[in-house]
Each structure stands twice: as structure tokens, then as C-alpha cells.
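K.L.:
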Amino acid sequence: MPELDAGSTAWVLTATALVLFMTPGLAFFYGGMVRGKHVLGMLMQNVFCMGLVSVLWGLVGFSLAFGDGGKYIGNFDFAFLKDMQNGALQLPGYSDSYVLVIPAILFCAYQMMFAIITPALITGATADRLKFKSWVVLLGVWSILVYSPVAHWVFSPKGWLFQRGALDFAGGTVVHINAGVAALAIVLIIGKRRGYPNEPMPPHSLPWTLIGTGILWFGWFGFNAGSALGANMLAAQALINTHMAAAAAMLGWLVVERLKDGHATTLGGASGAVAGLVAITPCAGFVSAMSAIVIGLLAGAVCYLAIGIKRRFGFDDALDVVAVHLVGGITGSLLLGFFADTKINSLGFDGVLNGGGGELLGNQAVAVGATIVFSFVVTYIIAKVIDMTMGLRVDEAAEHEGLDLSQHAETAYS
Amino acid sequence: MPELDAGSTAWVLTATALVLFMTPGLAFFYGGMVRGKHVLGMLMQNVFCMGLVSVLWGLVGFSLAFGDGGKYIGNFDFAFLKDMQNGALQLPGYSDSYVLVIPAILFCAYQMMFAIITPALITGATADRLKFKSWVVLLGVWSILVYSPVAHWVFSPKGWLFQRGALDFAGGTVVHINAGVAALAIVLIIGKRRGYPNEPMPPHSLPWTLIGTGILWFGWFGFNAGSALGANMLAAQALINTHMAAAAAMLGWLVVERLKDGHATTLGGASGAVAGLVAITPCAGFVSAMSAIVIGLLAGAVCYLAIGIKRRFGFDDALDVVAVHLVGGITGSLLLGFFADTKINSLGFDGVLNGGGGELLGNQAVAVGATIVFSFVVTYIIAKVIDMTMGLRVDEAAEHEGLDLSQHAETAYS
Amino acid sequence: MPELDAGSTAWVLTATALVLFMTPGLAFFYGGMVRGKHVLGMLMQNVFCMGLVSVLWGLVGFSLAFGDGGKYIGNFDFAFLKDMQNGALQLPGYSDSYVLVIPAILFCAYQMMFAIITPALITGATADRLKFKSWVVLLGVWSILVYSPVAHWVFSPKGWLFQRGALDFAGGTVVHINAGVAALAIVLIIGKRRGYPNEPMPPHSLPWTLIGTGILWFGWFGFNAGSALGANMLAAQALINTHMAAAAAMLGWLVVERLKDGHATTLGGASGAVAGLVAITPCAGFVSAMSAIVIGLLAGAVCYLAIGIKRRFGFDDALDVVAVHLVGGITGSLLLGFFADTKINSLGFDGVLNGGGGELLGNQAVAVGATIVFSFVVTYIIAKVIDMTMGLRVDEAAEHEGLDLSQHAETAYS
Amino acid sequence: MKLITAIVKPFKLDEVKEALKGAEVHGMTVTEVQGFGRQSGHTEVYRGAEYQIDFVPKSRIEVLVEDGDVQRVLDAIIDTARTGKIGDGKVWVVPVEAAYRIRTGEAGEDAL
Amino acid sequence: MKLITAIVKPFKLDEVKEALKGAEVHGMTVTEVQGFGRQSGHTEVYRGAEYQIDFVPKSRIEVLVEDGDVQRVLDAIIDTARTGKIGDGKVWVVPVEAAYRIRTGEAGEDAL
Amino acid sequence: MKLITAIVKPFKLDEVKEALKGAEVHGMTVTEVQGFGRQSGHTEVYRGAEYQIDFVPKSRIEVLVEDGDVQRVLDAIIDTARTGKIGDGKVWVVPVEAAYRIRTGEAGEDAL
Ligand SMILES: Nc1ncnc2c1ncn2[C@@H]1O[C@H](COP(=O)(O)OP(=O)(O)O)[C@@H](O)[C@H]1O
Ligand SMILES: Nc1ncnc2c1ncn2[C@@H]1O[C@H](COP(=O)(O)OP(=O)(O)O)[C@@H](O)[C@H]1O
Ligand SMILES: Nc1ncnc2c1ncn2[C@@H]1O[C@H](COP(=O)(O)OP(=O)(O)O)[C@@H](O)[C@H]1O
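For the record, the sequence lines run as chains B, U, R, L, H and A.
For the first sequence, position 75 matches number 75 in our numbering, and the numbering has no gaps at all.
For the second sequence, position 376 matches number 1376 in our numbering, and the numbering has no gaps at all.
For the third sequence, position 245 matches number 2245 in our numbering, and the numbering has no gaps at all.
For the fourth sequence, position 99 matches number 3099 in our numbering, and the numbering has no gaps at all.
For the fifth sequence, position 103 matches number 4103 in our numbering, and the numbering has no gaps at all.
For the sixth sequence, position 63 matches number 5063 in our numbering, and the numbering has no gaps at all.
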């Protein structure tokens, strides 16, 4: 039985706090972009994830994601966090080269933060029109029926995608593709914001968006480097890769934006950084720092261009969750098939550019495809049922008045 | 002589930074709730604690709290941080199962952050009318005459409440009950804000309050999990308990609020989370994660209802420090008497629900009572003397004009 | 060959994240002080450093700073981070008592954060008039021609100032004096803001400045305590020193301000804290906590008074980068010549007050002087060339309209 | 010359602006105001306390027009600003004795 | 019909609103404005530099009234807005040639 | 008595204020407004989408003056607010039937 490592425990404790902090960060990244009458609604939809998802995770979510229930879903062994108080507990599949040197309950807490922020990402797409009551229901159901299974497939050593050899260091599929696809499914049902696209809907406070970006970047070090689950060379590599990709993506986005629109905007700089962070998420612990720069540059440019998709197909993904998280997640997950390098991480595989041939790329494609199909279908059904029963969307008066007043009887500023 | 443990040192260094960050977080949690002409006054009252209390802590505060001066107060052995530069120093009482595996000066720095935020909590009650000059004096005196003794009683292994077997993992009595009672004593002297309760005094910027909440929740991991003073299973347990209680309390508050007022508000979500963090503070390292959820749910509901107290008794606790910190602190400290579990922490005791009988509950009640009485009486005297000499409260014109202009010759926004 | 230490790695991973977070913190510290039409321009100039400087650091900056190229500049051995993926890599000069117990690539990432924030500090001086395109060029060139060499001189054990025995724990010369002098050189070229000094230019949102201050203080623990490159007594000492100096400087500034202007302002409290953090930066790991308090008090008072310099000499250092960073950095670097104590850090030297005579003080003076001369001359040339070619400054219409609209086609609030 | 002042619902501002352009009005000045009237405000909740906000956000539009254009402009405003729901607002006309364009000093109709 | 415009101290706004309700005024429009007058502004300090702010925040109230109500409304405003301290503000009356309720198109007194 | 209303460029406000002081005007009331006119607004970019902002920030100045002072005040405003560039704004004059100082109840010229 392995000793707990204090240094690794210290780092994962820190990383857990960092990832928790990302959800308020995301709330402000989004909140600054909406109009002033909807900002509290947006903040609340995000912060509320910290409440509801956490409790559900403790009751069943974690157990369904990491319990020993076969390839497709966990089980109820750890429901109500049973046995988790035991410091010597070994989680199913975490043995040999995957053995945990941190307390199992810390791993559970760390993973909980991923479960919280994933659905929060969706709220950017449904901005300004999602009924709070319906979000509460959607959130709870989605967290159990969509998040836990996908997390099991990819993160748990018992999961089919993990065993198939698909790589996802910190959640390119589980978090970003998953949330991005779900966002798409929901906006197809909820429809466009009134006035979109004719009426301009400028961000009410870009400084909020910028501080949110700073918090996200900061927290992402916990998200990616923490996924090494130890304080070691791999964590250091993941950290610098995360940073380099964010930096390069900021440049990539700004350059393309400047060429196409004539200006490098602050929102563009912020959006590019986030796009890079998304794309590097699956790759962080498997590629070199120089590969991270290339991945970032590409992600910044690709995600900027992907914003055109919603116009082309005429859906209203208000804050571009599809362009940044779905497209960014796919970009990273597939590029990993090219850049993965076993010299960086011997538990990984070599990508096309490192002599590994197309096998990894194929597995990545399977993981991407499986996540897209599953998440889209299940999310669509859940959202449809809620829409038909309680209604996903606020009524016209409420939308004019704003979510802050209509949903929460508050005004943000006075 | 024990070796320093690098992992534990790493975690407590981090935790110290996290707790420091809570004070600006609190400043904004409060600052968003006041009107725009008072926001700088509020921020300053909080941030100033980081200045004055820190220096006093180095000069005498720490020594009075952790020096070997008997059961009721420390002594001057560590005044001016004498000997603290010695890496091998052992603090009085920190031996055997309590031996420190981190540098004594780091423990001193960590505890300093608690000494800073505790009086800062008071400022929420006296919002919009406290004279800055008087706050400076009150703060300095209170920190030495009230905070250090209570910290000695409860935190120091030499203190009478510690030795009596009262449990307080991270400051339910020392921090929250202490500050909450002090706030009550001071508002009884300073009186109501002009216009209260007739004139509505809506928060001028709830987004500030929300970002403050995010920072507080993030920092609280350092506050509670850091109190394990090591990177180990206990820290992990404290971290997940802290999070689960905050999450459950958010739900608890929102549900009751929704039922009573018809709306689940963002301020309610934020307030509930803070109430849960307060209540779990004494319990974090002594209870199971499921107990933490129950404690949180109860705290959220109880603190929401406790807001009615000020209306019932007609005092003006502007931002509900009594309802959240005093009531929340009492709730957590007493519930610990039921939920404490030696399987979680062998240095603790079993509560009523774990076969420990009523003994712990009794000791908890004694700790709560002693803190309330001592803090109320001494604070009342200090505040009264200041009020009679220099005046606690700004004059009418200054109150109309706002603290920002009248106290600091500044305006927050222009 | 030394083992990597997990605890130290955990702490430096954390410290790296903390220092990264300082740049957004700085952006808001500055952003709150400018007028509303320039705030995005300010935020962007800062956040953009996280993009451009990072990539350049990976390509050549790090190698020029820490490569084995002799006393004055590194070389290209680590260009494109060559060899840095090797966990066992030893960096030139980091042997014996300086041996690294953390991965070299983590050291590289940690140092990158210093390279990012240093030029960002400059933007406070050029507020409201710097052309973004020109900043992009200036930033890139400056980072390579000015930052890397000075970092080599002082931080690398191969550098001439390091070898001469000048002490700089975390960047008093490399970061603060360097940026402060560069700011001065640039403002001499770019000239005054239109309307300065006749027209009042009040901060548009001091709360932004306050939250920036909170983030800076928090992050500075990573900046200074992280520079111990380990989780040990030295880090703990550096942490408490950092905090004590900030606290004392806040008091120092406020007292002098109160006496001279009649009010203790929130901006004064924030500015004082930052001044103390600047001054303690070179000293953090070499002095006692009580010395840190004295250094802080002096720095707070001195920097406040130094604000008069710009009026006396009639240049427009918009946000007082000279007074806070140049003067504060000099103050700290020279005071270290008095307060340095080998009982705190045996790798340092004793200052005048600890029986070391004037030798250290002399070396500190040399380091200060060399940094000032080199940074001023090279920065002046770079800025002049840019000004003559593309122009450093926006035209009159753009300045009236604001940087947000003219440079980025955005408005901060709507 | 006359000054027409209209109080309208904010989300109607853009439509009214377009309508005025249509009515060959070359300029207007708009102020964000708080209106009180038959249309009731709203209730906010703050930690268990409910309070009533009587004022409703409105847009105040000022248009200087030649005497001959008054009716056309009034109609344009009234037609586009109307939703038929309470709170649509008011329009009133005040006599103007003189008007100038600052840039040129032109007076009267030429000032518009 | 007349338009009464009053500049008052912001903290008096609520009282004035209640007084107008009392005087059977069914509506008003309020604007946040900056006033300059005998009442001096204030001084702010910014890093050792003092600067003078001449303007004082005021509330600007507009009320359309029938001719017969002018005096009553003026009295109501003046009585409640007065503190006797410098800076209490001004009230003035301007003639209105026409007024309409947008919702219904009603004109004149019916528009109020 | 007359009410002079001027719409000027915000950065000209301080100059105009000083000029009015010079013209022995003892008070004025200023409102931040959005102007629409010949001066075109600006274009903003938001994630690849361009949108046009028609309105331009302006300052609206109101000055109550005795009949005899009207011309002097108009000149002072027009001269100082003029930059010669499009968008300098308008000034207009409206008749005032009565004016009072709230503090004292003084009417007419004494109210100023
Ligand atoms: N007597 C008045 N004087 C000035 N403004 C008024 C007056 N009455 C109403 N208003 C303005 O018109 C707006 C709409 O009036 P209201 O009575 O709510 O609805 P309606 O115009 O449909 O009768 C009010 O919010 C206020 O701004
Ligand atoms: N001539 C004027 N024209 C327009 N508004 C004025 C004029 N004089 C004063 N005011 C407004 O009235 C407010 C109060 O005037 P002030 O001279 O300060 O006090 P008082 O009304 O007691 O004489 C000013 O802040 C300004 O808003
Ligand atoms: N007919 C009008 N009624 C009211 N305000 C107007 C009118 N025309 C212009 N304005 C105001 O004057 C400002 C300047 O007018 P504009 O046509 O842009 O330039 P200029 O005054 O140089 O002709 C506008 O922004 C608007 O605020």
C-alpha cells in the first residue's frame, strides 16, 4: 500500500481550491458580457452550481463516475461518500502506475470542482432568457445523467474510452466538448434572445469579463497541473503548457481579429486566452511546451473563426460556448493525436508527429464523437422534457424586464 | 525534535495566502451591499485591518495569544516576535500529538490572518456611520484586549477552553461568535443608520458582493483545511467538509427564502454559502462529509431566519453580522456537540450522535457562553469609552454626504 | 544529483500561479485609477503581457536570462526551451547551496511570471495616451533587450551583480527599479496627458483599484516567499516579512498623508501597501520580521513624499510608477544594505546594522546604479526609435475619445 | 420654433429614433430618466425585506422643430412609442423663442 | 397647461414625491443632475493632490400640471424640499402648448 | 425670465462653466445626455460583429437668466463651446413664467 505523499497532497489541496475559484471566475467572465439587467441572473446560474452539484456529487455523482460499475457507468459503492473517510482507501482502477498518493476523499473533492464548472459553462449559451427554476432542474438531472457517465468513460481507469487508449488529461471531452454540445442542444430548444440578431447587445461591463479571465487563467493551473495528481515533473510540464497555450491563443485570436475586423479587442484577448486554455486541457500532460504554443496559436485562430458558425446556421449561442468550448475542445482533443509525446509522459502514447502513427488520433476521434453524440442526445431529451413541462424560457415581459428582477427580485446596480 | 515537513509547510504557506485574501474578499462582500457613497469607507475599514492588526500582532498580539502565560492569557515571551526567527522553535503546548511540523513563524503568520479578518467582520454591522478615526482606535484596542485572550483560551493548548475539551477547529468561537457579539455590542452604542428602517437602502452593486463571496469561499479552504496545519488526510477531510457545508447552506437558505419571500435571490445564495462556511468552521476537522451537509442545511435555514432578530429587537445590524456570524457560529459550535466523530479525528471527541454522550456538547456550550459574555462586556466597555471621548459615529452631514467623501475625501466612482 | 522535493515543488507550483495572478491584479490596480474611457486600454496593455512576453520567454527570453553565457547575458542553449523537458536538468550555476530541488521547467515558468509583470508595471506611467500597436512592439523588444540581461546580472548565479555579492531576493532591481526607470524614460518621450495637470483626472472606480491591491498582496506571497524556491523556513520568513512590510507601509503612508493632506484615503492605504511590497521585495529572504516592519514604515512614507517629484520636475508619470516602483525599489535595495542579517539567511551577507560594515551597502548601490543606467539608456533608445517611426502616442482625437474606443473599438461600460 | 419633449419606454427608443429620422428630423437629445406615474414600479427583496421601487426607467427625448413640423413629429413619436400598455409616457410641446447652432452661430430654422 | 421643473436635494426626492402624490399629481419625471450654484462643492484628495469639485448632485423633477394646479404644486414642492440650508434649489414654470398621453393619444388635461 | 438650454461637448463643460461665471451667472444645472445629429456616432466590435452606436455623449446645460442677460449668456456659451467641428451642439431659449428659490421662497430675479 502506497504512502500518502504530503507534497502531492499539498498541491492537490491547492489545486482543488483553484478549480473551485474558477466557477465564480466564469460567472464574471460571462456576467460582464450580458446586459446589466441580466447580470445577476447569470452570476446566480453559475454560483448555484457550487451549491446543487456539490451536494449531488456527494450523494451519488462521484460514485457513478468513479465507482467500479463496468465500462459505461460507475455504481453506488461510494454513494453518500461511503468509505471515503478512510484515508487508506484505494479507488477502483487507481493502482500500479495510476496509484493515488493523495487521500481518496481529496481526489473526490478535486473531481467535484470539475463536475461543478462543467454545467456552469453551458449558461453562456442560454444567457438572458433561461428560467431559473428550470435551470435548477436541468442542472441536477444533467449532472447525474450526462456528466457522471462521460466522466466515467474518460477519467476512470475502468471507463471504456480510458481503456481504449483515448487521452484526456484534464477534461477536453468530459468538460469542454460535453458542455459545448449540451449548450448547443439547449439553445436549439430555447430559441433566440428577443431582438437577436438585429438589436445590438453590447457587454454591460467588460472589466468584469477581464477579471473573470484572470481568475480563470489562474485557476486553470489547478485544473490542468492539478490533474497530475502530484507535485512532480508532470505537474510542472502541465503548468507551463497550460500557460503557453493560453498566451499563444491570445496572440492567435488577436492577430486574426485584427486582420478581419481591423481591431485587436480586449474581449478578443480574453476570449483567445480562454480558447487556448480549453484546447490545451486534454493535452496539458502529454505534449511539449513548444507543441503547446502551436496548439494555442491554432486554437485561438480556429475558435475566433468558429464564432461565424452560429451566424451561418442561425442559432443564438449568446456568449459563444460552442465556438470556444465545443470547437476548442475538439481542436485540442484531435491535435493531441498529432502532438502527444511519450517522452513527456510515458503513460501516454505517441501522436502522429512523434511516430505513433494514427492510432491515438483514431481513439481521440472516437472519444470526441462518442461524447458529442451521447451528450447531445441525452441533453436534448432532458431539455425538451423540461421545456414541455415547466418551460425553459422566461416570458416576454420577464425578458424585457431582465432576469435580475424577474427571476430574483433584485437589481444589480443602484 | 520533529523534522519540518516540506509538504505541510507548502500547504500552510498556501493557506496563509488564502486566508489573507479573505479580507479583501470580505471587504467586497460587504462593500457591494452598502450604498455607493459609503463603499470606500467600508473597503477601507476592512483593508485597514491588514495594516494595523498585522503590526500589533507582531509586536504583542501573537505573544498574548500563544505565549505560555497560563490558562487565560499568553505572555510577552514572543513580543516583537522574539525567537520566532528560529526554525527549530517549539511553541508552548505544541508537543506530542500537537507537535508542529511547520516553522513556528509560519504558524504565527497563519494565525495573524485570523486576527486580521475577525475584527473586519464587525464592520458589516456598523456600515455607513462609523467614524474612521474611531475605528482605528477601536480596532487596535479590540485586537489586543478581546481577540488575543479568546484565541488563547480556545486555540492555544495552554488555554482553559482547549484544556476543558471544547473543540473549535478553525474559529467558530474565536472568530465568528467573537466578532458577531462584538458587532452587536457596538451597534447598541452607535445606533441606527439615519433613515433606517423606513428608507430602503438597497445594495449599490451586488456583483461586488458575489465576487467577494467567491473569494471568501476560495479562501475558506485555507481557513479550515489549513487549520490541520499539515498536508494530510485531516486537511482533505476539512476541505471537503467546508465545501459541502457551504453548498448545502446555500440550498438551505434559498429554499427557505423562496418559500417565505417567493424568490431565491443571488444575495440569498451568497449569504447562505457564507452562513454555511461560518457554521462548519468549528466542525471542519471533526465531522464526516455527510454531517457537514446536514450542518450546512441547518445553518442556511437558521441564519436566514435569524435575520428577523434585528427587526424584532429593533437594532440596526446593517449587514447582518449577528444573524450570519454570531448565530451561524453558535449553530456550528453546538451542532459539533452532536456530530463530532473520533473516527474522523482521533484528537477530538465523540458527540451525542456518535455515542459520546452530552459531555462535548456541554463543553461547547461553555465555550460559546464564555466567548459571548467576555466579548460582549469588554467590547461594550471599549466602544462606550470611545463613543464618549471621540465619538463612534460621524455627524449627520457626513452621513448624508457618505463616508467616502466625509472620511476619506474620495468618491468611489466618477 | 539532488532529488526533486515534492513539498518544494508543490509550493513553487502554487507560487507560480500566484505571481501569474498578479498581472490581472495590477491591471485592475491601474485600471481603477484611470478615467472610464481609458480603462480597457489599460487592462489590455497589462493582460497582453501575459500573451506576448510568455511566448518570447519560451523562445529566447529565458535562455538569455539563465543560459550559461557569461556575466552579462545568457545564451541560446535553452532557446525554444530545448532540454527543459528533462526533469533531471541542472541549470547553470544552480549547484551546491543553490541547487534546485524543483524541476527546471518549473523554475522557468516561475521566472516567466516575473518577466510578464515587470513591463506591465510600466503601463501605469503612460496611462491614457499610449498607442496599443506601439506598446506591442515596445513590449517585445524591451522584454528581450532590457529584462533578460538585467535578470541575468542579478538572478543568475552566473551574473556579474550576483557574483559581486549584490543581494536581490525577489526583484527589487530586476523588477521594480528596472520597470520604474523604464517608465520614466518613456514618459519623457511620450509627454503629458492632454489637460494635465490643470484638468482633474479622478480615478473612475477606486473599488477596482482596491481589488487589484488585494490580488497583488495575495500574489506577492508567491512572488517573495516563492523566491525561496522551496517550502522551508526561508519561505516562511519571506512570507511574514512581505506581509509585515506591506502592513507597516500602509500605516506609514496613511500617517504622512493624514498629516499633510488632512485625510487618510483608501487610495493612500492601497498605494502604501504596494509601496511596502515593492520595498520588501529585495529584502524578503534576508531580514528579520521586525526589520521588515521598519523597512515598510520608511517605504510608505518615502514613496508618498516621492509623488511630489513629478510635480517638481514636471513630467507626467500618470499613476506614479516612479514614486512607487523606482523610489520604492531603491529604498528597499539600499535599506537591505543596513538590515541584511546572515542569521536569517546564511547565503546572504550582514548589513551595516548587523556588523557587516558597508560592503553590502556598496554592492547594493552598484546594483541599483547599474540597473538604473542600463535600463534608462536602452529603454530611452527603444522608445525613441518607436516614437520616430510609428509614434508612441495616440492622436488628439483618439485621446479625447479614449483608448477603449480608439484602440480597441470597445466601451467598458454600457 | 418649438421644443417637443417625450417620455417613452427605453426599449422603444431605437424605434422612435428611426421614426424621427423618417420624419426628417436631423437631431435629438436623449436623457435616461426615472418616471413615476400610473404604471406601478416593482418590488425588490433584500434579505427577507421587501421594498417597493416606485420609479420606472424611461427615456426622455427632446426635439427642436420648426412650427410647421410639430404635428408630423408628434404623430411619429406617438405612433411608434405606443404599446397600448400603461406607462407608454407623455409628449408635450413648449414654445422656443430662439435657437442657435453653436458651431456656426446660425439661428432659427437654420440651426436645426 | 404648465411644466414645473424643480431642482432639489436628492435626499429630499422621496418626500417631494409623497407631497406631490398628496397634491393629487399623478405623475412626474425625475433626472439625476449636477448642480452648480452658491452651494460650494467639495474637495477631493488624490495622492497628495487636492482638487475641487464644483458640481453637487441634485434631482431634477418635471411635472406637467393644469394651470389651476400650478400654485398648489409649487407650494407642495417648495415646502417639502426646503431645508433652509444653501443649495435647496430652484423651481420654475414654463408654458406648455400641448400635451398628449402616448398610450391613448388623449390630449390636454386628459393626458395627465 | 428665460431658460437657456445648451447641448455641448462634454470636454467643453468646464470652459463653459467658467465663462458663465465670468458672465455673472450664479448657477446652472447640468445633465449627461446622449445626442443624435449630424455628427455620426462610432462603430464597436464585439467578437467579430460590428455595430453602430448613433448616440454621442453630450452635456446639457440649463441656465435661468433675467431677460436682460439672455444675449450675454448666449454669447458666452456659443463662444466657448464652439470648436468649429460638427457636433458642437445647440442652444435654445424658452420663456419662464415664474421662478423661485426653494430655500427662501424668493421669486423672480431674486430667485437667481
Ligand atoms: N404629470 C406628469 N409630469 C411629468 N411626467 C409625467 C407625468 N405623468 C406621467 N409622466 C411620465 O410619463 C410616464 C408614464 O406615465 P404613466 O402614468 O405611468 O402611464 P401613461 O403614460 O400610460 O398614463 C411616467 O413614468 C412619467 O415619466
Ligand atoms: N441660474 C440657474 N439656472 C439653473 N439652475 C440653477 C441656477 N441657479 C441654481 N441652480 C440650481 O439650483 C441648485 C441650488 O442653487 P444654489 O445657488 O446652490 O443654492 P440656493 O438654491 O439655495 O440659492 C444648483 O445646484 C443648481 O442645480
Ligand atoms: N433638433 C434637435 N433637437 C434637439 N437636440 C438636437 C437637435 N439637433 C441636434 N441636437 C443636439 O445637438 C447635438 C449636435 O448636433 P449635430 O447635428 O451633431 O452637430 P451640429 O450641432 O454641429 O449641427 C446632437 O448630438 C444633439 O444632442
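Note that beta-carbon positions come from the ideal geometry of N, C-alpha and C, so glycine has one too.
For G3048(L), which of G1328(U), Y1304(U), M1390(U) and D1341(U) has the nearest alpha-carbon?
P.N.:
Out of G1328(U), Y1304(U), M1390(U) and D1341(U), Y1304(U) has the C-alpha closest to the C-alpha of G3048(L).
K.L.:
Ligand 1 heavy atoms versus the CB of L4112(H): any closer than 8 angstroms?
P.N.:
The answer is yes for L4112(H).
K.L.:
Less than 9 angstroms between the C-beta atoms of W1153(U) and T1014(U), yes or no?
P.N.:
Taking 9 angstroms as the Cβ cut-off, W1153(U) and T1014(U) do not qualify as a contacting pair.
K.L.:
If the criterion is Cβ atoms closer than 9 angstroms, does the pair D96(B) and S333(B) meet it?
P.N.:
It is not a contact, given that the beta carbons lie outside the stated cut-off.
K.L.:
Using a Cβ-Cβ distance cut-off of 9 angstroms, determine whether Y1094(U) contacts chain R.
P.N.:
For Y1094(U), the answer is no, since every Cβ of chain R falls outside 9 angstroms of its Cβ.
K.L.:
With H, G and I counted as helix, E and B as strand and the rest as coil, what does DSSP make of A1292(U)?
P.N.:
A1292(U): helix per DSSP, three-state reduction.
K.L.:
Report the residues of the stretch 3047-3072 of chain L with a CB closer than 9 angstroms to any CB of chain U, ordered along the chain.
P.N.:
Answer in chain order: R3047, G3048, A3049, E3050, Y3051, Q3052 and I3053.
K.L.:
Just reading off the beta strand (DSSP E) that Y3046(L) is part of, what are its end residues?
P.N.:
Taken as a continuous stretch (DSSP letters only), the beta strand (DSSP E) holding Y3046(L) covers H3042 to Y3046.
K.L.:
What residues does ligand 2 have around it, judged by CB closer than 7 angstroms to any heavy atom, in chain order?
P.N.:
Listed along the chain, these residues meet the criterion: I4007(H), V4033(H), G4035(H), F4036(H), G4037(H), R4038(H), Q4039(H), V4056(H), K4058(H), I4086(H), G4087(H), D4088(H), G4089(H), K4090(H), V5025(A), H5026(A), G5027(A), M5028(A), T5029(A), E5062(A), V5063(A), L5064(A), V5065(A), R5101(A), I5102(A), R5103(A) and L5112(A).
K.L.:
What whole-angstrom Cβ distance do L2335(R) and L2297(R) have, given they're in contact under 8 angstroms?
P.N.:
The pair is not a contact, with the Cβ atoms about 11 angstroms apart (cut-off 8 angstroms).
K.L.:
Against chain D, with Cβ distances strictly below 9 angstroms, would F1080(U) count as a contact?
P.N.:
No chain D is present in this structure, whose protein chains are B, U, R, L, H and A.
K.L.:
May I ask you to list the residues that DSSP assigns as paired with A4099(H)?
P.N.:
DSSP lists W3092(L) as partners of A4099(H).
K.L.:
Whose C-beta lies closer than 8 angstroms to the C-beta of G3108(L) among residues of the same chain, with five residues either side of it excluded?
P.N.:
Excluding positions up to five away in sequence, the list reads M3001, A3098 and A3099.
K.L.:
When the cut-off is 9 angstroms and only beta carbons count, does G268(B) lie next to chain A?
P.N.:
Yes, G268(B) counts as interfacial toward chain A.
K.L.:
Looking at F2048(R): is its Cβ nearer than 9 angstroms to the Cβ of G276(B)?
P.N.:
Not closer than 9 angstroms, so no.
K.L.:
I'd like to know if V2039(R) contacts chain B, where contact means its C-beta is closer than 9 angstroms to some C-beta of that chain.
P.N.:
Yes, V2039(R) lies at the interface with chain B (some Cβ there is under 9 angstroms from its Cβ).
K.L.:
So P1207(U) packs on W208(B), CB below 8 angstroms; how close in whole Å?
P.N.:
Yes, they are in contact, since the Cβ atoms of P1207(U) and W208(B) sit about 7 angstroms apart, within 8 angstroms.
K.L.:
For R2193(R), does the count of other Cβ atoms within 10 angstroms reach 16, so buried, or fall short, so exposed?
P.N.:
By the neighbour-count rule (16 or more Cβ atoms within 10 Å), R2193(R) is buried.
K.L.:
Check this for me: beta carbons of A3006(L) and I4053(H), under 9 angstroms apart or not?
P.N.:
Cβ atoms of A3006(L) and I4053(H): not closer than 9 angstroms.
K.L.:
Can you find a CB in chain U that lies within less than 9 angstroms of the CB of G2402(R)?
P.N.:
No, G2402(R) lies away from the interface with chain U (no Cβ there is under 9 angstroms from its Cβ).
K.L.:
Can you pull the chain R residues whose beta carbon is under 8 angstroms from the beta carbon of T1016(U), in chain order?
P.N.:
Ordered by position in chain R, the residues that pass the 8 angstroms Cβ test against T1016(U) are F2221 and L2239.
K.L.:
What residues of chain A sit near I307(B), judged by a beta carbon separation below 7 angstroms?
P.N.:
The contacting residues are R5047 and G5048.
K.L.:
Is there a Cβ from chain L that is less than 9 angstroms from the Cβ of V4030(H)?
P.N.:
Closer than 9 angstroms to some Cβ of chain L, the Cβ of V4030(H) qualifies, so yes.
K.L.:
In chain H, what lies closer than 9 angstroms to L5003(A) by C-beta?
P.N.:
Residues of chain H passing the Cβ test: T4005, W4092 and V4094.
K.L.:
Taking buried to mean at least 16 other C-beta atoms within 10 Å of its own C-beta, is N86(B) buried or exposed?
P.N.:
Looking at its Cβ environment, which holds fewer than 16 other Cβ atoms inside 10 Å, N86(B) is exposed.
K.L.:
Keeping to the same chain, check which residues put their C-beta closer than 6 angstroms to that of G2032(R); ignore five residues upstream and five downstream.
P.N.:
Result list for G2032(R): P2203, S2205, L2206, W2208 and T2209, in chain order.
K.L.:
Tell me the DSSP secondary structure of F1048(U) in three-state form.
P.N.:
Helix at F1048(U).
K.L.:
Given that T1411(U) touches chain H, what residues does it touch there, using C-beta distances under 7 angstroms?
P.N.:
Chain H residues near T1411(U): E4044.
K.L.:
Do three or more CB pairs link the stretch 5016-5024 of chain A to the stretch 2370-2388 of chain R at distances below 8 angstroms?
P.N.:
Because the criterion of three Cβ pairs below 8 angstroms is not met, the stretch 5016-5024 of chain A and the stretch 2370-2388 of chain R do not touch.
K.L.:
Quick check on this structure: which residue in A1284(U), L1139(U) and T1331(U) has the alpha carbon closest to the alpha carbon of V1302(U)?
P.N.:
Among A1284(U), L1139(U) and T1331(U), the Cα nearest to that of V1302(U) is on T1331(U).
K.L.:
I need the straight-line Cα distance from S4059(H) to E5032(A), nearest angstrom please.
P.N.:
Near 13 angstroms, if we compare the C-alpha coordinates of E5032(A) and S4059(H).
K.L.:
Cβ closer than 8 angstroms: which chain U residues qualify as neighbours of K2343(R)?
P.N.:
Those within 8 angstroms of K2343(R) in chain U are Q1085.
K.L.:
Would you call I4086(H) buried or exposed, if buried means 16 or more other Cβ atoms sit within 10 Å of its Cβ?
P.N.:
With fewer than 16 Cβ atoms within 10 Å of its Cβ, I4086(H) is classed as exposed.
K.L.:
Quick check on S1097(U) - is its C-beta less than 9 angstroms from some C-beta in chain B?
P.N.:
No, its Cβ sits nowhere closer than 9 angstroms to a Cβ of chain B.
K.L.:
Where E1396(U) and T1126(U) are concerned, what is the direct C-alpha to C-alpha distance, given to the nearest angstrom?
P.N.:
Their Cα atoms are separated by approximately 15 angstroms.
K.L.:
Report the CB separation of A1284(U) from S1227(U) in whole angstroms; it is logged as a contact under 8 angstroms.
P.N.:
Rounded, the Cβ-Cβ distance is 7 angstroms, consistent with contact.
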